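First comes the structure, then the notes that go with it.
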Amino acid sequence: MSRRLAVLATCNLNQWAMDFEGNLGRIKQSIRAAKARDATYRVGPELEVPGYGCEDHFLELDTVTHSWEVLAALLSDPEDLTADMLVDIGMPVIHRGVMYNCRVFLLNRRVLLIRPKLHLANDGNYRETRYFATWKHRGKVESHRLPDCVARAVAAAAAGGGAGAGAGAGAGPAAAAGGSGPGGGKAAGPPPVDVPFGDAVLKLRDALLAAETCEELFTPQAPHIDLALAGVEIISNGSGSHHQLRKLNQRLDLIRGATAKAGGVYLYANQRGCDGGRLYFDGCACVAVNGSLVAQGGQFGLGEVEVVTACVDLDEVVSYRCSISSLREQASATCPPAMVDVDFSLCGPRPGAAPPTHPSPPITPKVLRPEEEVAYGPACWLWDYLRRCGASGFLIPLSGGADSSSVCAIVGAMCQLVVAAVREGDEQVIADVRRVAGYGDKDKNKDTDRGAAAGGTGAAAGGGGGGSGGGGGGGGGGGGGGAALPTDARELAGRLLSCVYMGTTNSSRETRERARALCEQVGGYHLSLSMDVVVEAVVGLFAAVVPGGRRPAFKAHGGSTAENLALQNIQARLRMVLAFLLAQLLPWARGVPHRSGAGWLLVLGSANVDECLRGYLTKYDCSSADINPIGSISKADLRAFLQWAALNLGYPVLAEVEAAPPTAELEPLIEGQQPQLDEVDMGMTYAELTLYGRMRKVARAGPVAMYNACAALWRGRLAPTAIATKVKDFFKFYSMNRHKATVLTPAYHMESYSPDDNRFDHRQFLYNIRWPWQFRKIDELAARDEAVAAAAAAASGSAAAPPVEGAAKAAAALH
């Protein structure tokens, strides 16, 4: 008896919401690649036809209609892509007036089964119940009438005999479906008008195959357990799972665990890329067998299509299951599921291919370090956004601090990935970089201010007249518009990245120099300007219109707190105005014509998740940008990334940036006094903010619960009243500044405690910032804890009050 060896394929696809033309092309490419590797089954991501991120477009009937049209185009394609290939597609389907998130199985130009999702994702970033319903009839199937466009495609294929066309399914859900296959075939029959719709298993000649979809893997009572107990050897999962820092371990554990308890083959497919929103889908298509990973795709990458194949031994699945006594007992009591008969063999060779000889061996899962996730996830997201939005590059207001330097380094990482993909011959990346950066176009990039590869002095960029002036310099060098393709990441950065240091009299020489050095190391075009004249003009205008011509002064010069804040905020807001002006006109000023004649740059923001949570930012300052690659990353993770990037990305000045204390540099520097420091201004450390953020969002702690948690964590380090003050201060500033979250720049989602107001963290933005009820309870608890501590100290003869010391170490340890 020969072994049942099957070559199966899964994939990562970079789909784009509502781009039906492009999505169809990528689906076809993945099927071709799977066939080229002799696979007999291909599974794709969740909702791959319209793209997962369509959101309220799912409520438009056009979205469903176009999805069926794509399916019809796939079935009628001259290449006959479904010939001798079981193809598993994700798309929305309306059945009996209800919209479902479905898997559609195709074979030999026929629709075999439509399987609706049983459990929907409806937390965090997901809102699937806004558009779809769950299929509540477990183990049941009904008849679904195919739309005319698909029925015609099936009929035309049957009438023409189509490559690999086989026997038709009957009119009911219990009828057989399919056609010829590696193991043989039968005569063509009439095309079906109705197909099975529901929770069913495909009963192939040599295997049982079923699907679950994304969220179902994460549910407590996951379908794969019942399917395995029912004897299903192969379970697929077309997913739309987004990147979150340190999340991949959990996903891989669940995938391996899905087959460790009850055996089986598990194929996981996912999107990979930015499909139009804040999320980055991080791929990692993989295959697991009996608890071991045997194939794994990349988590991040610029390629639009990655197909992952594995040869699996289905007899090993049976042997594994038979060896577990408890599994045998539970399986023997399991009722068989609804099945759709398919006259097709997964095992054995495809027509014209050599038979598989041995199964794929187990491999060690590849999980990136958090610093690598910070580098490459946002870098890939930025590339997708840039190539699809029509811009010709990025502009970063580069202050020389940790946040904006992190953004600059991420753009540098993006350029390195692009050059690597070009070297590997990725045709889509080559086409995109030619279009965006003008490679091979003699009429583009004729600017003479970029200089040679070692840099050079560029055209001056004035900061607004009067005594304000600026200087510009190019890093990365030219090569000219006629260069065929990028071969050096610094040269590419010289085309795509512009940085501007917008200094004032409050800025230090150190930050100015760090900004210049980093831009040069990355290869970008650098400007440095002084904006004092612009600030003075606005302050002068204010004095001209207010009664008495009063002029505000910094606190260091005798001004009030209100004056001090206003003068800081006007600097920050003017930087935003200048950044957008430069982004709009810098390509024109440099003489870099765009393909449309109006090149422009995307302004990148650089506010981190902790500052957004605390509200430590000026509304409509440089935190207001087009997009923000670090808006959901903590300060601690950014600092670790800077240390890693200094060594691994080749930007050594980042080590100096990381070592420097964070400072806004918005107040005058006074000799003999410590400069303005962020943590002093905030009244709390970044480590504490990370702790508060995780407690508030992940642990769902209100003020009282957070006090109790912090009191337990910091017992012996801080007095209860000091802990109470810290917690109350956090909630006071959080609620006071909550309105700022409503206008945060769209940011790459990465952190589980992100305060993103758009869809992840829904809260009011008008609070009673005194929190009278909650804070009174905290004070009562703190007084009680103080009394208990005093009594314990008296009994032991030690000091009554515990030492009061910073909580940063404790917070960092928990983080």
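Using our numbering, the first residue of the sequence shown is number 7, and each one after it goes up by one.
Every residue, glycine too, gets a C-beta built ideally from N, C-alpha and C.
Predicted model, so just to flag it, every value in this text is computed and none were measured.
Inter-residue spacing [alpha-carbon to alpha-carbon] between V311 and P376: Walking along the sequence shown from the start, residue 311 turns up at place 305. Walking along the sequence shown from the start, residue 376 turns up at place 370. V311 and P376 have their C-alpha atoms some 25 angstroms from each other.
Residue range of the unbroken beta strand (DSSP E) whose run includes Q277: The residue given as residue 277 occupies position 271 in the sequence shown. If you look at Q277, you'll find it in the beta strand (DSSP E) that goes 271-279.
Candidates A397, S504, V49, of which the one nearest Y274 by Cα: Here residue 274 refers to the residue found at position 268 when the sequence shown is read from its first residue. Relative to Y274, the option among A397, S504, V49 whose CA is nearest is V49.
Three-pair Cβ contact test at 8 angstroms for the stretch 416-427 versus the stretch 375-391: These segments touch.
Length of the line joining the Cα atoms of R2 and S410: In the structure displayed, the chain extends from 7 to 821; residue 2 sits before or after that span and is not available.
Cβ neighbours of R700 in the same chain (closer than 6 angstroms, five flanking residues each side left out): Walking along the sequence shown from the start, residue 700 turns up at place 694. Same-chain partners within the cutoff: Y759.
Identity of the residues DSSP links to G509 by a beta bridge: Taking the first residue of the sequence shown as 1, we reach residue 509 at position 503. For G509, the pairing in a beta bridge is given by DSSP as S536.
DSSP bridge partner residues for I120 (one or two, in chain order): Position 114 of the sequence shown, counting from 1, holds the residue named residue 120. V110, F203.
Simplified DSSP state of G464, which is helix, strand or coil: As a first step, residue 464 is located in the sequence shown; it is residue number 458 there, counting from the start. Bear in mind that a pLDDT of 32 at G464, under 50, signals an unreliable position, so the number given afterwards is only what the model happens to contain. Assignment of G464 by DSSP, reduced to helix, strand and coil, places it in the strand class.
Own chain partners of A523 with C-beta closer than 6 angstroms, once the 5 adjacent residues on each side are dropped: Here residue 523 refers to the residue found at position 517 of the sequence shown. Closer than 6 angstroms at Cβ, skipping near neighbours: V659.
Three-state class that DSSP yields for S802 in the structure shown: Within the sequence shown, the letter at position 796 stands for residue 802. S802 falls in the helix class under three-state DSSP.
8 angstroms Cβ cutoff met for D212 and R9: Taking the first residue of the sequence shown as 1, we reach residue 212 at position 206. Taking the first residue of the sequence shown as 1, we reach residue 9 at position 3. Not in contact: D212 and R9 (Cβ atoms no closer than 8 angstroms).
Pick from P553, V540, L573 that is closest to V583, judged by C-alpha positions: For this step, residue 583 is matched to residue 577 along the sequence shown. Its Cα nearest to that of V583, the residue V540 stands out among P553, V540, L573.
Residue of V609, Q574, I416, Q577 minimising C-alpha distance to L588: Taking the sequence shown and counting its residues from 1, one reaches residue 588 at position 582. Nearest C-alpha to L588: V609.
Burial state of W779 (16 or more Cβ within 10 Å): What you label residue 779 is simply residue 773 of the sequence shown in a count that begins at 1. With fewer than 16 Cβ atoms within 10 Å of its Cβ, W779 is classed as exposed.
Exposure label - L14; buried when at least 16 CB within 10 Å: Reading the sequence shown from its first residue, position 8 is the one you call residue 14. Per the 10 Å Cβ criterion, buried.
Same chain only: Cβ atoms within 7 angstroms of P368, ignoring 5 sequence neighbours per side: For this step, residue 368 is matched to residue 362 along the sequence shown. Contacts found: S298, L299, V300.
Buried or exposed (CB count within 10 angstroms, at least 16 for buried), G803: Position 797 of the sequence shown, counted from the first residue, corresponds to residue 803. Counting of Cβ neighbours within 10 angstroms places G803 among the exposed residues, the total staying below 16.
Buried versus exposed call for I95 [16 or more other C-beta atoms within 10 Å across all chains shown]: Start at 1 with the first residue of the sequence shown, and residue 95 comes out as number 89. By the neighbour-count criterion, in which 16 or more other beta carbons inside 10 Å mark a residue as buried, I95 falls on the buried side.
Environment of P342 [buried if 16+ CB atoms lie within 10 Å]: Taking the first residue of the sequence shown as 1, we reach residue 342 at position 336. Exposed is the label assigned to P342, since fewer than 16 other Cβ atoms lie within 10 Å of its Cβ.
Check whether Q302 and P371 have beta carbons under 8 angstroms apart: For the purposes of this step, residue 302 is identified with residue 296 of the sequence shown, where counting begins at 1. For the purposes of this step, residue 371 is identified with residue 365 of the sequence shown, where counting begins at 1. Between Q302 and P371, the C-beta spacing is below 8 angstroms.
Separation of Y132 from G554, as counted between CA atoms: Locating residue 554 in the sequence shown gives position 548, where the first residue counts as 1. Locating residue 132 in the sequence shown gives position 126, where the first residue counts as 1. Whole-angstrom Cα-Cα distance: 55 angstroms.
Endpoints, alpha helix (DSSP H) assigned at E221: Position 215 of the sequence shown, counted from the start, is the residue given in the question as residue 221. Run containing E221: 221-224, per the alpha helix (DSSP H) assignment.
For E569, three-class secondary structure by DSSP: Counting from 1 along the sequence shown, the entry for residue 569 is found at position 563. It is helical.
Assigned secondary structure, K1 (DSSP; H/G/I helix, E/B strand, else coil): Given that the chain is displayed from residue 7 to residue 821, the structure contains no residue 1 and the question cannot be resolved.
Nearest candidate by alpha-carbon position, reference A443, set L118, T71, L392, G246: One-based indexing of the sequence shown puts residue 443 at position 437. It is L392.
The stretch 532-539 in contact with the stretch 510-524 per 3-pair CB rule at 8 angstroms: Taking 8 angstroms as the limit for Cβ pairs, the verdict is that the stretch 510-524 does touch the stretch 532-539.
Interface flag, P368 vs chain B, CB-CB below 8 angstroms: Considering every chain present, this structure includes no chain B. It has just one protein chain.
Q227 classed as buried or exposed, judged by whether at least 16 other C-beta atoms fall within 10 angstroms: As a working note, residue 227 is residue 221 in the sequence shown. Label assigned to Q227: exposed.
With 16 other Cβ atoms within 10 Å as the buried cut-off, status of N276: In the sequence shown, the residue the question calls residue 276 occupies position 270. It is buried - the Cβ of N276 has at least 16 other Cβ atoms within 10 Å.
Identity of the residue in A728, V663, M24, D86 nearest A789 by Cα: What you label residue 789 is simply residue 783 of the sequence shown in a count that begins at 1. Among A728, V663, M24, D86, the Cα nearest to that of A789 is on A728.
Residues that DSSP places opposite T315 in a beta bridge: The sequence position of residue 315 within the sequence shown is 309, counting from 1. DSSP lists A15 as the beta-bridge partner residues of T315.
Reduced DSSP secondary structure (H/G/I, E/B, other) of S411: Counting from one through the sequence shown, the residue named residue 411 turns up at place 405. Reduced to three states, the DSSP call for S411 is helix.
CA-to-CA distance, A419 to I261, given in whole angstroms: By one-based count along the sequence shown, residue 261 stands at place 255. By one-based count along the sequence shown, residue 419 stands at place 413. Each residue's alpha carbon lies about 30 angstroms from the other.
L374 versus Q305, H248, I402, residue with shortest Cα-Cα distance: Counting from 1 along the sequence shown, the entry for residue 374 is found at position 368. It is Q305 whose Cα lies nearest to the Cα of L374.
S36 vs L19 beta-carbon contact at 8 angstroms: Counting from one through the sequence shown, the residue named residue 36 turns up at place 30. Counting from one through the sequence shown, the residue named residue 19 turns up at place 13. Yes, they are a contact pair.
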